[in-house]
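Asks: Provided herewith is a single structure, encoded as structure tokens, for subsequent inquiry.
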Amino acid sequence: MDTNLSGELLRDLNEKLLMASVRQHELTEIAKQAEQRLSAMVNGLHAVICEINVQTGEMSFISEQAESLLGYERSAWNQRGFWRRVIHPEDRAAALAYLFEAVRSLHNLEHEFRVVAQDGRIVWVRNRAVVVYGADNAEGLMRCVLEDVLGRKQAEAMLAQSECRYLRLFAATQEGILLLDAKTGVIIDASPSATALFGFSHGTLSGKEFFEIGLFAGKQECRDAFARLQREHFVHFDSLPLYSPTGAVRAVELTGNAYDESVGTVIQCRTRDVTERKRAETLQTEDPHRDRQNTAPLQRPLQTDFCDDASWAALFREESFDQNVL
Numbered sequence: 001m002d003t004n005l006s007g008e009l010l011r012d013l014n015e016k017l018l019m020a021s022v023r024q025h026e027l028t029e030i031a032k033q034a035e036q037r038l039s040a041m042v043n044g045l046h047a048v049i050c051e052i053n054v055q056t057g058e059m060s061f062i063s064e065q066a067e068s069l070l071g072y073e074r075s076a077w078n079q080r081g082f083w084r085r086v087i088h089p090e091d092r093a094a095a096l097a098y099l100f101e102a103v104r105s106l107h108n109l110e111h112e113f114r115v116v117a118q119d120g121r122i123v124w125v126r127n128r129a130v131v132v133y134g135a136d137n138a139e140g141l142m143r144c145v146l147e148d149v150l151g152r153k154q155a156e157a158m159l160a161q162s163e164c165r166y167l168r169l170f171a172a173t174q175e176g177i178l179l180l181d182a183k184t185g186v187i188i189d190a191s192p193s194a195t196a197l198f199g200f201s202h203g204t205l206s207g208k209e210f211f212e213i214g215l216f217a218g219k220q221e222c223r224d225a226f227a228r229l230q231r232e233h234f235v236h237f238d239s240l241p242l243y244s245p246t247g248a249v250r251a252v253e254l255t256g257n258a259y260d261e262s263v264g265t266v267i268q269c270r271t272r273d274v275t276e277r278k279r280a281e282t283l284q285t286e287d288p289h290r291d292r293q294n295t296a297p298l299q300r301p302l303q304t305d306f307c308d309d310a311s312w313a314a315l316f317r318e319e320s321f322d323q324n325v326l
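Going by the numbering used here, the first residue of the sequence shown is number 1, and it counts up by one from there.
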């Protein structure tokens, strides 16, 4: 009976050991697959993942993207002084100071700096780092994600250059340009020529509503014009009265357009002072026969012999002739 009991216990123990072995194998396989998936995910990112011992400076892990980012072999990244060599000289002090501060304060770090690739290219990288310590606080690890942001930096530089060109043109144009919020009619920006034309400082003009700047005969006419501009996205007025803060009245040509920006619809109004042109047109309309009256004696057939002085005297005695034309 004791023998049978011992045999049963032995079989039971063997079954449990077998089940434990199978379970261990399954867990090992699961862990292996998880590690493979994690490795594929990490190495498939368009970024470099690395882990650095903050005491020794050695890298305990670095992803495969390291070589494609800068061209250096992964073994070179673990060489002493590697980062001091590859960080751009103009950014080196600030970048290292950020890293040291992250280690000291244990705060998450995010900053951008330039590095020199193996082929001499200048690459902008964005580093996001976090420092963690073990339970015994003996060993600290800095985990970094380095991302190539050169394309974004180049796009930002091109945008800044484009904005600079626009601002120069905006400031130099002889037309008075107003930018309005398409919904409210509030002036967002005004060119120097606009501030001079409307008689307000830039700070005063910006923030005013369209109907407050003295255009049109009254506020309602101005509101109607703005509503039309909102509806049709275009208006043009050959001559509008502009009542300046000093009481002077000038004639202004206005062309308004509505266009879409990333932040919404913006209205641009281009204005020109046409006071002198309108004055000249008015004078010409009021006295259209003046020029013909003054030159009438010169238009009729000449039958006088101007070879003698008497003929000249007869011409000057004619009352219809204006001697000022000579």
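Virtual Cβ for every residue (Gly too), placed ideally from N, Cα, C.
Hey, Trp117 and Gly176: beta-carbon distance below 7 angstroms or not?
Replies: Position 117 of the sequence shown, counted from the start, is the residue given in the question as residue 117. Position 176 of the sequence shown, counted from the start, is the residue given in the question as residue 176. Residue identity differs from the one stated: residue 117 is Ala in this sequence, not Trp. No. Outside cutoff.
Asks: Specify the secondary structure class of Ala66 as computed by DSSP and reduced to three states.
Replies: For the purposes of this step, residue 66 is taken as the residue at position 66 of the sequence shown. It is helical.
Asks: Please report how far the alpha carbon of Leu180 lies from the alpha carbon of Thr204, in whole angstroms.
Replies: For the purposes of this step, residue 180 is identified with residue 180 of the sequence shown, where counting begins at 1. For the purposes of this step, residue 204 is identified with residue 204 of the sequence shown, where counting begins at 1. So the alpha carbons of these two residues sit roughly 14 angstroms apart.
Asks: Please report the residue range of the beta strand (DSSP E) in which Gly140 lies.
Replies: As a position in the sequence shown, residue 140 is number 140, starting the count at 1. Per DSSP, Gly140 belongs to the beta strand (DSSP E) from 140-148.
Asks: Who are the near neighbours of Gly57 in its chain, counting only those whose CB is closer than 8 angstroms to its CB and skipping five residues on each side?
Replies: Locating residue 57 in the sequence shown gives position 57, where the first residue counts as 1. Hits under 8 angstroms: Arg80.
Asks: Flag this pair as yes or no: are the beta carbons of Phe210 and Ser191 separated by less than 7 angstroms?
Replies: Along the sequence shown, read from residue 1 onward, the residue named residue 210 stands at position 210. Along the sequence shown, read from residue 1 onward, the residue named residue 191 stands at position 191. Going by C-beta atoms, Phe210 is not nearer than 7 angstroms to Ser191.
Asks: Around the C-beta of Gln174, are 16 or more other C-beta atoms found within 10 angstroms, so that it is buried, or is it exposed?
Replies: Here the question's residue 174 lines up with position 174 in the sequence shown. That one is exposed.
Asks: Reducing DSSP to helix, strand and coil, say where Asp12 ends up.
Replies: Reading the sequence shown from its first residue, position 12 is the one you call residue 12. Three-state result, Asp12: helix.
Asks: Just tell me which of His233, Asp12, Arg168, His46 has its CA closest to the CA of Thr255.
Replies: Here residue 255 corresponds to residue number 255 of the sequence shown, with the count starting at 1. Of the listed residues, the one whose Cα sits closest to Thr255 is His233.
Asks: Any idea what DSSP makes of Glu73, helix, strand or coil?
Replies: Here residue 73 refers to the residue found at position 73 when the sequence shown is read from its first residue. Of the three classes helix, strand and coil, the one that applies to Glu73 here is coil, per DSSP.
Asks: According to DSSP, Asp273 sits in a beta bridge with which residue or residues?
Replies: Mapped onto the sequence shown, residue 273 falls at position 273. In DSSP, Asp273 forms a bridge with Val252.
Asks: With Met142 and Ile52 assumed to form a contact (beta carbons below 8 angstroms), what rounded beta-carbon distance in angstroms separates them?
Replies: Within the sequence shown, numbered from 1, the residue matching residue 142 stands at position 142. Within the sequence shown, numbered from 1, the residue matching residue 52 stands at position 52. About 5 angstroms; that satisfies the 8 angstroms criterion.
Asks: Grouping DSSP H, G and I as helix and E and B as strand, with all else coil, what is Val86?
Replies: Against the sequence shown, residue 86 aligns to sequence position 86. Residue state, collapsed to three classes: helix.
Asks: Along the chain, where does the alpha helix (DSSP H) that runs through Pro245 open and close?
Replies: The residue you call residue 245 lines up with position 245 of the sequence shown. Neither: Pro245 is in no alpha helix (DSSP H) and is coded neither H nor E.
Asks: From His46, Val22, Asp148, pick the residue whose C-alpha is nearest to that of Arg126; which is it?
Replies: As a position in the sequence shown, residue 126 is number 126, starting the count at 1. Arg126 has its Cα closest to that of Asp148, out of His46, Val22, Asp148.
Asks: Hey, how far is the Cα of Leu9 from the Cα of Leu27?
Replies: Stepping through the sequence shown from its first residue, residue 9 is reached at position 9. Stepping through the sequence shown from its first residue, residue 27 is reached at position 27. Each residue's Cα considered, the two are about 26 angstroms apart.
Asks: Is Gln268 helix, strand or coil when you go by DSSP?
Replies: As a working mapping, residue 268 is identified with position 268 in the sequence shown. The answer is strand: DSSP assigns Gln268 an E or B state.
Asks: Return yes when the Cβ of Ala66 is within less than 7 angstroms of the Cβ of Trp83, no when it is not.
Replies: Residue mapping note: residue 83 aligns to position 83 of the sequence shown, counting from 1. Residue mapping note: residue 66 aligns to position 66 of the sequence shown, counting from 1. The answer is no: Cβ separation not under 7 angstroms.
Asks: Just the C-alpha distance for Ala258 and Glu276, rounded to the nearest angstrom, thanks.
Replies: For the purposes of this step, residue 258 is taken as the residue at position 258 of the sequence shown. For the purposes of this step, residue 276 is taken as the residue at position 276 of the sequence shown. Using only the alpha carbons, I get a separation of about 29 angstroms.
Asks: What's the gap between the Cα of Lys183 and the Cα of Gly151?
Replies: As a working mapping, residue 183 is identified with position 183 in the sequence shown. As a working mapping, residue 151 is identified with position 151 in the sequence shown. Those two C-alpha atoms are separated by around 35 angstroms.
Asks: Out of Phe113, Ile213, Val186, Glu281, point me to the one whose CA is closest to Ser244's CA.
Replies: Counted from its first residue, the sequence shown places residue 244 at position 244. Considering only alpha carbons, the answer is Ile213.
Asks: Below 7 angstroms CB to CB, which residues in the same chain sit around Met327 once its five sequence neighbours on both sides are set aside?
Replies: Nothing about residue 327 can be read from this structure; the chain reaches only from 1 to 326.
Asks: Can you give me the start and stop residues for the beta strand (DSSP E) that Asp189 sits inside?
Replies: Working through the sequence shown from its first residue, we reach residue 189 at position 189. Unbroken beta strand (DSSP E) run through Asp189: 187-190.
Asks: Give the straight-line distance between the Cα atoms of Thr195 and Glu112, rounded to the nearest whole angstrom.
Replies: Position 195 of the sequence shown holds residue 195. Position 112 of the sequence shown holds residue 112. Going by the C-alpha atoms only, they are around 40 angstroms apart.
Asks: For Lys153, which residues of its own chain have a beta-carbon under 7 angstroms away from its beta-carbon, when the five flanking residues on both sides are left out?
Replies: Within the sequence shown, residue 153 is the residue found at index 153, counting from 1. So the qualifying residues of the chain are Trp124.
Asks: Going by the beta-carbon positions, is the gap between Leu106 and Val145 smaller than 7 angstroms?
Replies: Here residue 106 is taken as the residue at index 106 of the sequence shown, counted from 1. Here residue 145 is taken as the residue at index 145 of the sequence shown, counted from 1. No, they are not a contact pair.
Asks: Exposed or buried, Ile267, counting other C-beta atoms within 10 Å across all chains shown (16 or more means buried)?
Replies: Here residue 267 refers to the residue found at position 267 of the sequence shown. Buried is the call here.
Asks: Let me know the secondary structure DSSP gives Leu120 once reduced to three states.
Replies: Along the sequence shown, read from residue 1 onward, the residue named residue 120 stands at position 120. A quick correction: the sequence has Gly, not Leu, at residue 120. Here Gly120 sits in coil by DSSP.
Asks: In whole angstroms, what separates the C-alpha of Arg128 from that of Leu109?
Replies: Indexing the sequence shown from 1 puts residue 128 at position 128. Indexing the sequence shown from 1 puts residue 109 at position 109. Looking at the two C-alpha atoms, the distance is approximately 6 angstroms.
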